[in-house]
Structure formats: structure tokens, C-alpha cells
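Worksheet for the structure shown next.
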Amino acid sequence: MKRFKTTKGLIGIVLLLAILLVAILGPMLIPADASTAMDMHARRSPPTWVHPFGTDQLGRDMMFRVILGARTSLEIAVSAVVMSVVLGLPLGLISGYFGGFIDNVLMRLVDTLLAFPALLLALTISAVLGPNIQNTIIAIGVAFTPYLARIIRGEALRVAQMPYVEAARSSGTTDIMIMIRHVLPNILPAVIVQGTISLAFAILAEAGLSFLGLGTQPPAASWGLMIQASRDQLDIAPWTALVPGLAVALTVLGLNMFGDVLRDILDPRAK
Amino acid sequence: MKRRDFLRSTTALLGSGLLGAMPTVLWAEDAPVKGGTLIWGHSETTQNLDMHQTGTASSGRVLQSIHSSIVTVDKDLKVIPGLAESFEVAPDGLTYTFKLRPNVKFHNGQVMTSADVKYSFDRCRDKATGAVNFEVFNNVASIDTPDDATVVIKMSSVNAPFLSRLAENGAGVVMPKDSGPTQGTNPMGAGPFKFVSYEVGTVVKMARHEEYWDGPAFLDAVEAREITEPTTRLTGLRTGELHMINDIPLDRVSELQADATLQVKTWFPLNFDFINLNHTFKPFQDPKVRIAFDMIIDKEALMQGALWGQGATTPSPSFPTSASYNHDLKQRPQDIEGAKKMLAEAGYPEGSLNIVFKATTNYPYHVEAAQILVEWFKSAGVNLTIEQLTWADWLTQCWVNKDFQMTMINFFTLWEPDFLYFSVWNSTGAFNFRAINDKVIDDLTVQARTVVDDTARADIYKQVQKQIWEQSHDIILWFRNGTIGAQTKVGGLDTVVHPNGSNLNFHKVWLKA
Amino acid sequence: MTYIINRLLSVILTLFLITLVTFAVTNILPGDVAMMIMGTQSNPEALSGLRQSLGLNDPLLVQYGHWVGGMVSGNWGNSLIFKKPILELLSQKAVASAIIVIMSMMIALALAIPLGVWAAVHRDRWQDTVSSSSALLGVSLPDFFWGIVMILVFARWLGWFPSSGFVEPSVNFWGTLQHAFLPSLALGLGLMAHLTRMTRSTMTGILSQEFIRVARAKGLAERTVVWRYALANAIGPVITIAGLQIGYLFGSIIVMESLFGYTGMGWLTYQALLNRDLPLIQDTVFVIAAVVMLTNLAVDLLYIVIDPRIRLG
Chain A
663 MKRFKTTKGL IGIVLLLAIL LVAILGPMLI PADASTAMDM HARRSPPTWV HPFGTDQLGR
723 DMMFRVILGA RTSLEIAVSA VVMSVVLGLP LGLISGYFGG FIDNVLMRLV DTLLAFPALL
783 LALTISAVLG PNIQNTIIAI GVAFTPYLAR IIRGEALRVA QMPYVEAARS SGTTDIMIMI
843 RHVLPNILPA VIVQGTISLA FAILAEAGLS FLGLGTQPPA ASWGLMIQAS RDQLDIAPWT
903 ALVPGLAVAL TVLGLNMFGD VLRDILDPRA K
Chain B
39 MKRRDFLRST TALLGSGLLG AMPTVLWAED APVKGGTLIW GHSETTQNLD MHQTGTASSG
99 RVLQSIHSSI VTVDKDLKVI PGLAESFEVA PDGLTYTFKL RPNVKFHNGQ VMTSADVKYS
159 FDRCRDKATG AVNFEVFNNV ASIDTPDDAT VVIKMSSVNA PFLSRLAENG AGVVMPKDSG
219 PTQGTNPMGA GPFKFVSYEV GTVVKMARHE EYWDGPAFLD AVEAREITEP TTRLTGLRTG
279 ELHMINDIPL DRVSELQADA TLQVKTWFPL NFDFINLNHT FKPFQDPKVR IAFDMIIDKE
339 ALMQGALWGQ GATTPSPSFP TSASYNHDLK QRPQDIEGAK KMLAEAGYPE GSLNIVFKAT
399 TNYPYHVEAA QILVEWFKSA GVNLTIEQLT WADWLTQCWV NKDFQMTMIN FFTLWEPDFL
459 YFSVWNSTGA FNFRAINDKV IDDLTVQART VVDDTARADI YKQVQKQIWE QSHDIILWFR
519 NGTIGAQTKV GGLDTVVHPN GSNLNFHKVW LKA
Chain C
11 MTYIINRLLS VILTLFLITL VTFAVTNILP GDVAMMIMGT QSNPEALSGL RQSLGLNDPL
71 LVQYGHWVGG MVSGNWGNSL IFKKPILELL SQKAVASAII VIMSMMIALA LAIPLGVWAA
131 VHRDRWQDTV SSSSALLGVS LPDFFWGIVM ILVFARWLGW FPSSGFVEPS VNFWGTLQHA
191 FLPSLALGLG LMAHLTRMTR STMTGILSQE FIRVARAKGL AERTVVWRYA LANAIGPVIT
251 IAGLQIGYLF GSIIVMESLF GYTGMGWLTY QALLNRDLPL IQDTVFVIAA VVMLTNLAVD
311 LLYIVIDPRI RLG
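Residue numbers (the numbering used here), protein chains in the order written: chain A, 663 to 933; chain B, 39 to 551; chain C, 11 to 323.
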């Protein structure tokens, strides 16, 4: 049992490393043009020796697109999640630590954002700021913030009641110091676990946003954009969805396996 | 999900040169039978049902079976009698006299009189109505009804396209007097089908109008089910849930044509597409740059790429069979090296031009075309980046605020040349969103309005086309096909498409037993 | 009791905040319905006429006052694109959405609970991996992907369900359920992953607790221990997550309903947004936000009932 657990973690780490390697080395080894070069005589070609993963509706090689799209997708996902952590962490921390009135006000704000359809937010950002990768990150980051803030608040609430926090308080340590020294380290495991899960959602969120014109702008490749483009051809060219879909699936799988192990290591309660 | 063809309406009359009818299906030999309910998978959501207030193709397509207009057009786009059995234009072009058909019955059983016509036209003219086509009546001085069967319209100045614009429901529709307030929820007219019900977003139901002036329809009823997702619509046709669908995705046309259990009808042209260059953007003020851009594009390859061959390239936006179409023009062939040289001469050496191309997701084939363009422009040393915009954003940014460098849009072929060339290319034209300001075109389009002789007038428009092409003000690409797919049991499919290429009329359609 | 009163008061405050945010965001959105109606036929003169007739020219504060005042007094205004009273549209469409929200949640729970329990019982063995991987597959591809797969498999190839559309429940309730099934199944698959993980982790925690060991020691069948004793204790947190997912679900139905031509609230919201029908956007967004919030409230209250030990705060 113990052995399996480490195997699982190992698989997760290997998967993640492999994906990171592809994302980093891909653009170094493969010319950028390879993902946009079109072969109008091989549109929607199923996997062949020439195109091992098939081609899309414009005759572009799916293998090159999925490899070169890795970096864009991961960049968007990581940036968006980092952004939501940066925004949500102080919000949740302050809310959970102080409780009472501050908590009430902040959480009502979070509730408002939670109840608000992300689609409206995305449309507004796209229309006002313009469709590009940076604004896509903003849209996803802002949409994820309330979820993170909620989870962090819950954790902070729990930790703030711990005897050692009480002790620090009675010894006259300032609130800010307590938050940084005692609360933050103890909620970090939950943040990391939530973060890894959010990464997967962020990759998919980009697919949804592409539909509205936001997201990676064509002809550049990203997994989300590729999945989106497969929408109207699923029945005649299923590989156009399965290739990027599998890439997302492996990433999600790797992240979750890794996340589980990470939680076991970081969180002493989950024995 | 939403593909909307705008600019249907009165202004966009066009013919239906029929191409690519299914050779394997010989429905024409069957005699029509009466009865049955046709289930049509409609590609768009019907909105406001008030014929005057709606400008969207979706509503117009449905309302075509419910309403009749005072005049209409035949398939050669000649204006012919509709609810008026005859019409007369005075030699000075200032007085129009319509003699109404006797015994035309509205869906409520009332007999149409000149009072209904006056009511309908007055309603369209009234700004408070919010009619999309109110400007059709801009030059109208008075509408008189000397008797029940006569309508006399006096103009304050000549308005040559007036009659042809009455041939579409947006302006020429006749509604029962005082029915205006309920038209939006219960459209009523004198068309072949009566409105029964509309479940918003789901289905419009219509039933045969037994007293239709042109003889009752074959079908008992028509159900227009609204299915906006192309894959879903195709599936509905294949499983037999739907008898007919409009707007087959262009990449699927050949696949359906190969299916013996279905019939496919394509017609030409549905609309024309052109690439637009903003003339207030410095590089595009130089004709050399515009011509070089034209030379970078292989139009035939672009058409094959974006439309999957469902269209025909053209250097002129004039209706292909119209007298004013300039057959002397040829599209510039692709010449990347030549384009590079011209750009360098204009002061833009390789790598110095960075252009944003705004493409609307409303027309997915525009986004595909843009992606192909990026590759060609890259090889010509021009860095093209795409920004995708929703339809609302495209309209706001490109159409109204003129905030773009390069974009692309389509128009239903405007066959009336004054309307086409004046509004799109005259510096004061309502649709001149590229801010084109060409003295030659301005003079020619104004001059043409005073020329009575048809040939001479056509010649002037040929010069306009030549000027547009020589200056490469826009890059005219192609005429795009319209498409319908149906079960083999649907008869009379040839009659479904209105000569304007957008509206559908089920008057002469039937279901085989 | 004070907790409940506080909670209700905060709901009202949140609803007020939602009206503010909704109104602000919809007014930042460039473009208006007049332009959407006229499309490429719009020109300044015609647009201003249409705007006037649609009442789009009032000052913002007046519009906000009208909107909130109207909602309170039961006058929700008219949709500018559909020319129908919004309240009438909403009441029709809400039923449709309620059906798929409930159905998809039931499908998700029906799949997730057994899968999660199975994984927890066989913790860290291959069954665990299979369970979590298959659940993860559900979230590795977006909703619309599963929607199209459902259409292709169950409508086109098997012909078991209609490919699209909606039937009024009052006309044919069985037909309504048939139309609702495929979109619900696609949505359920997306919801399943999180629920499976939640079930697994709560169950793992409970299975290692003292009372389970006691029950086992008493010689109770393993099946009874797991399904009767452990699951009964694990169900609370699972339901909580399910409740919180209602918010996510209302985001998903926008895409899924449009895909299936299943015309509920999600579809209506999407139409309103695309067409810049401001009154309709504001009302639909407000209703969705209110429903999501009230569901969260209900979940919180339910939680107190299920587990009275919960700290109120």
C-alpha cells in the first residue's frame, strides 16, 4: 500500500515533468511556423505516417499544434491561477482570521462574485479590454478568485482557533505577524491542493472563452482553442478533439496525482 | 453558435441562379399532394415578429410565409405585381399608382382595402414605430386612397429604387389596419400561412391560410424549430426528426450531397464577401499598399479554404447577371514578390508593417479566412494578427466607430446599383465604414442618379467598379452559396428560396406520402 | 436563530450588491440592442430613432431606479429583442432549467457516490486509480464536448433520444424528460469528478474512525458497515459540495442549453448577452445570481440540520 502511494506520486511527477519538458523544449526544437503551416490537400486527415496525430480543418499538423500549444495553455492556466491566489489569499486570510464584521462584508462581496455568471464577466472583459491572452488570464483569474477566497477563509477560520494562535495572541504578537507566521504556513497545503485542481479548470476555461472570441487568438495554437475548433467536426474528425483532450487529461491526471501526494506530505492530518 | 445573416431586408434583393441542384433526385416529376406538417430546422432564433421592426434575417425568413407585399420580384429580380394587381409610375417619377387585387383576405378574414395599405406604409414611415426600413419612404410627400382599390403615392423628389424596395416585406408589407400593436406577438398579414404560436427560442408554428390570394398552400402546417448548433441541426436531419434544414455548414455540403437519402439545394449568390481596409489608417491611404495587399491574396485558394468551394470568386460586387456587372475586370493574381516590392516602394520594407485583422466569430468562415491570410502575409513580410470579435463588438468597433485597420464582412448582394455603390463607396454613403473618399466615385455615383438611359447608367457603374478595383479600395473576394438540405420526401424544394436568396416561402412545398 | 436572521439579512445585502454589479457591468458593455437589430443596416439616423422608441436614452441613474423599482413592484419590463414581458419569459424558461439542473445533479450523485465509495474502500489500490482517473476524464474535456458526444451517440447512432429541442412539461411531461436527459447526462459527467473525489476523501476519513472499527469488530457485514454506517456519515459534506456546485451548474447550462436547443434560463441568458438586450440581461443575471445564493443558503441551513455541531459563524 505504501509502495503504491509512492508509485502514484512518482507517476504524477513523471507525467508533470514530461509535460513541462514538452512545453519548454517544444518551442526550442520545433519552428513556430510548424503549428500554423497549412496543407490544403490534407485537410482533416486522420492520423498517418506524415501526420501522426492527424490534421485539422485547415490541414495543420495536430502533433505540432498540440506540442506548441502546451506552453500557451500552461502559461495561461498558471498565470490565471497565480492571479487568483494573489487576489484570493489576502481576502480569505483576513476574512477568516478576523471574522465578525470584516468577514461579513468581504464574504458578501465574494458571494456576489460567486453568484455572477462568469460568461458575462468574460464578454465584458473581451469587449472593453480586447481579446488577447493577457485579458484572458485576467478573466479566468478574476472568475476563480471568489472560489479560492472561500476555501482560504474556511482554512484560516479553522487555524485561527488553534491553541498556538491563541497563545501568540496573548503574548502580544501583532495580527499581521500571526497571520504570516502561524496562519499562512498552516493553510498553505489547502491552497496548493486547490491550486493544482484549479489549473485543470483554467485550461478548460480557455476553451470556453475561445468560443466568445476571447482566449488565444488564431492561428496560434493552444489546447483550449484546439478543442473549441473541433466542435463542429467531432463526428467526421474526432482526433481534432481527442488529441488536445488527451493532452488536457494527462495534465489533469498528473496534477491530481501530484496534488494528492503533496497533500499527504504537507498536511499532517491526512494520514 | 449563432450565425446570422444580416442585411437581408428590403435593400438586399438578389436573384437565385440555381447551381448544384441534386441530380439524383427527381422530385419535379411527382405531382404535389395536399396535407402534412413540414418540420423545418431553422438555423437561427426568431426575435421580434413585427415585420416593420425586425431587421434580422431570422425573423424575416419566417415571416416571409406569413406576409405579402404590395409588389414582389420574379426570379430575374423584375418588380412584378403582388397584392397590387397593377402599378404605374408617372413619367416624371414622382407619382406611383397602385391598383389593388380584389378580394384579398387577411388571416382574420377581413378583405384588404387601400386603407390597410396606407396604414401599413404610414406605420413604417412613422419614426415612433422604430421601423428598420423607414428611410424607404423618406421622399414620400403623401399617400392617398381615392377609392378602396387605389393607392396613390406622391414623392417630393425622384427616388429611383423606391419600387424595388417595396418588393420586400420590410417596407412593402400590408397589414390589417390598426393591427400594429399586436404584430410583435401575433403577426398577421395576407401571406400563405397564418401564424399560430411562438415558443420563444423553440418553435414557430404556422397553419395554411385557406383564402390566400394566390391559392392555398399544399402543406397543412409548418413548424420552424430553432436549432442554432450546426452539428445538432445536421443530426436532426439525419435522424429524420426534421424534414428540412437551412444553412448546411459549408464544409458538410459535399458529404450531404453524397447521401442518397437526402436532397441538397445550393444557390448562388447568397451574399458577397470583401476584405476592408480602413482608409483613415495611414498605410492604407497609399494605393500602393492597398494594391500590394490585394496581390498577396490568392482569392480562389482562399475561397476553397474558407468556403470549401461553396462560392465563386468575383472582382465586382454587382449581381452577376445584372447589366452593370463589369466583365472586363479580373482579380489580381497572387504575386507575393511583386507585393513585397510595392510595399518597399511605398516605404514599408519587409517586417515593418504590423496589422490587426478584426474578424467576427459570427461568421466562422471569416475566422478561417483570416488564418489563411496570416500565412500569406507572413511570407510577404507583413505581420498580421487576428482579433476575434463577437458580432456586437464587431458592429460597435468596426461598423460604427470605424476602429479597425483591416477586417472583412459580407453583404447580401445589393442588386440595385445606386443602393450598392452609393451607400457602400460614396464618401457620404451610409455603409462607407472604411471612410473611403474618392472624388471619382463620388462624382460618378451622383451623376448616375440623373441618367435615365439604362445602358448609360450601367456604364457609369462599370466605371465605378473599375475605379474600386484600380484603387483597390476594398478587396472584393467572392459570392457565397446559400444551402438547404431536405429529406427526399419534401417536394417543390426549388420554390422555397425567395429570389432575394435569404427568405424562405413554403407556399408551393409539399410532403410526399 | 440569530445566525439564521443574520444569514437572511446578508442575503438581502448580497442581492443589492448583485443588482449594482449587474447594472454596472451591463452598462460598461459596448454596443446596444438597437445596433443588433439593425445589424449592418445601422446608420446614425435610423439608430437614434430606434433607440428612442426602445427607451435607451434615459440617464443611467434613472434606468437603475426604474429597474430595481420595477422588480420590487413586479414590473420586470419587456425584452427588447423578443418583445415579450420578461417575467413571462422567465417563468417559462425557469421550469425548463430546473428540470435539467435537478436531473443532472441526480445523475452526478448516482454515479459519483458509488464510484467514490468504491475508491475509498479500495483506497490506494488499482480500483482507486481507475475511479479517480475515470472521474477526471469527465473534467478533462469541456461540457460542450460531452454534449456533442451525447448527441452523436444517443441521438444519431443509437436513436434513443431526440437530438434537440424542448417540450412544455404541461403538454407532455415524458417528452420533457426525454429532451432533458442528454443535456443532463453531459452536465452530470462534468459534475461527477469533484463529487467522486469528495465522496472518496470523506469516506476514507470515516472508514478509519473508531466506530467503524467497532462495527466491524461486532461482526457486521462489510457491506452494511460501508453503505449503512459510513456512507450515512459521509453524505453531509457530499451534499454540501453538490449544493455549491449549483452555481457552477448555472454557468454550464448557458453552453449546454444552447447546444441542445433546450430553451431554458441558460439559453435565455446567452441570447440576452449576445443581443445586448440590457433589460433581459439584467433580469436573467439577477435571477440566476439569486437562485445560486439561495441554494447556498439552503445548503448552509441544511448542514446545520444534518450536523448540529457545526460552528456558526
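Where a beta carbon is used, it is the ideal one built from N, C-alpha and C, also for glycine. The structure displayed is predicted, hence computed values, not measured ones.
Coil, strand or helix - residue i by DSSP
{"i": "C:D153", "result": "helix"}
{"i": "B:T533", "result": "helix"}
{"i": "C:M116", "result": "helix"}
{"i": "C:I216", "result": "helix"}
{"i": "B:Y363", "result": "coil"}
{"i": "B:K232", "result": "strand"}
{"i": "C:L230", "result": "coil"}
{"i": "A:Y826", "result": "helix"}
{"i": "B:W516", "result": "strand"}
{"i": "B:R246", "result": "strand"}
{"i": "B:N146", "result": "coil"}
{"i": "B:L52", "result": "With a pLDDT of 34 at B:L52, under the threshold of 50, the modelled position of that residue is not reliable, and no figure is offered here."}
Contacts around residue i, its chain only, beta-carbon distance under 6 Å, and the 5 residues preceding and following it disregarded
{"i": "C:Y239", "result": "A225"}
{"i": "A:V855", "result": "G921 and R925"}
{"i": "B:L515", "result": "D311, F312 and K337"}
Residue span of the beta strand (DSSP E) that contains residue i, given as start and end
{"i": "B:Q426", "result": "V420 to L427"}
{"i": "B:Y615", "result": "Since the first residue shown for chain B is 39 and the last is 551, residue 615 of chain B is missing from the structure and cannot be characterised."}
{"i": "C:W77", "result": "Looking at the DSSP string, C:W77 is not in any beta strand (DSSP E); the run it does join, the alpha helix (DSSP H), is L70 to V82."}
Inter-residue spacing [alpha-carbon to alpha-carbon] between residue i and residue j
{"i": "C:F171", "j": "C:L192", "result": "7 Å"}
{"i": "B:E123", "j": "C:V301", "result": "58 Å"}
{"i": "A:L736", "j": "A:W885", "result": "9 Å"}
{"i": "B:K143", "j": "B:A255", "result": "15 Å"}
{"i": "C:G87", "j": "B:V502", "result": "49 Å"}
{"i": "B:A50", "j": "B:F450", "result": "With a pLDDT of 33 at B:A50, under the threshold of 50, the modelled position of that residue is not reliable, and no figure is offered here."}
{"i": "A:L755", "j": "A:N848", "result": "11 Å"}
{"i": "C:Y254", "j": "C:F260", "result": "According to the sequence shown, residue 254 of chain C is Leu rather than Tyr. Their backbone Cα atoms lie some 11 Å apart in a straight line."}
{"i": "B:A66", "j": "C:R166", "result": "Confidence in B:A66 is poor, its pLDDT being 49 and thus under 50, which makes the residue's placement too unreliable to answer from."}
{"i": "C:N16", "j": "A:T913", "result": "43 Å"}
{"i": "C:N85", "j": "C:I112", "result": "29 Å"}
{"i": "B:D441", "j": "B:E425", "result": "12 Å"}
Cβ shell of residue i (< 7 Å), same chain only, five flanking positions each side left out
{"i": "B:R495", "result": "A486 and V489"}
{"i": "A:A932", "result": "Unreliable placement is indicated for A:A932, whose pLDDT of 46 sits below 50; no coordinate value is reported for it."}
Endpoints, alpha helix (DSSP H) assigned at residue i
{"i": "B:S180", "result": "Note, B:S180: premise wrong, no alpha helix (DSSP H); beta strand (DSSP E) at V178 to D185."}
{"i": "A:A864", "result": "L846 to S872"}
{"i": "C:S20", "result": "T12 to I38"}
Heavy atom of the ligand NAD within 8 Å of residue i beta-carbon
{"i": "C:L125", "result": "The ligand NAD is not among the ligands present in this structure, which contains no ligands whatsoever."}
Test: residue i CB closer than 9 Å to a CB of chain F
{"i": "C:S150", "result": "Any reference to chain F falls outside this structure, whose protein chains are A, B and C."}
Chain-order list of residues whose beta-carbon lies under 8 Å from that of residue i (same chain, five-residue window excluded)
{"i": "B:D336", "result": "P371, Q372 and W414"}
{"i": "A:K670", "result": "M919, D922 and V923"}
Below 9 Å between beta carbons is the criterion; list the residues of the region 414-426 of chain B that meet it against any residue of chain A, in chain order. K416, T423, I424, E425 and Q426
In chain order, what residues of the region 28-40 of chain C put their CB closer than 9 Å to some CB of chain A? I28, L30, V31, T32, V35, T36, I38, L39 and P40
Taking a cut of 8 Å between CB atoms, which residues from the region 784-814 of chain A lie near chain B? Along the region 784-814 of chain A, going in chain order, the ones with a CB nearer than 8 Å to a CB of chain B are L785, S788, A789, G792, P793 and N794.
Taking beta-carbon pairs under 8 Å, can you tell me which members of the region 156-187 of chain C lie near chain A? I158, V159, L162 and R166
Taking any Cβ of chain A, which residues in the region 261-274 of chain C have a Cβ under 8 Å from it, in chain order? G261, I264 and V265
Which residues, in chain order, does the region 87-101 of chain C contribute to contact with chain B at a C-beta distance below 7 Å? Result list: I91, F92, K93, K94 and L99.
Residues in the region 700-712 of chain A with C-beta within 9 Å of chain B's C-beta atoms, listed in sequence order? M700, M702, R705 and R706
Please name the residues in the region 192-210 of chain C whose beta-carbon is closer than 7 Å to at least one beta-carbon of chain A, in chain order. none
Between the region 333-351 of chain B and chain A, which residues of the former have CB atoms less than 8 Å from a CB of the latter, in chain order? A339, Q342 and G343
Could you name the residues of the region 855-886 of chain A whose beta carbon sits closer than 7 Å to any beta carbon of chain B, in the order they occur along the chain? Interface annotation for the region 855-886 of chain A against chain B: L874, G875, Q879, P880 and P881, criterion Cβ-Cβ distance under 7 Å.
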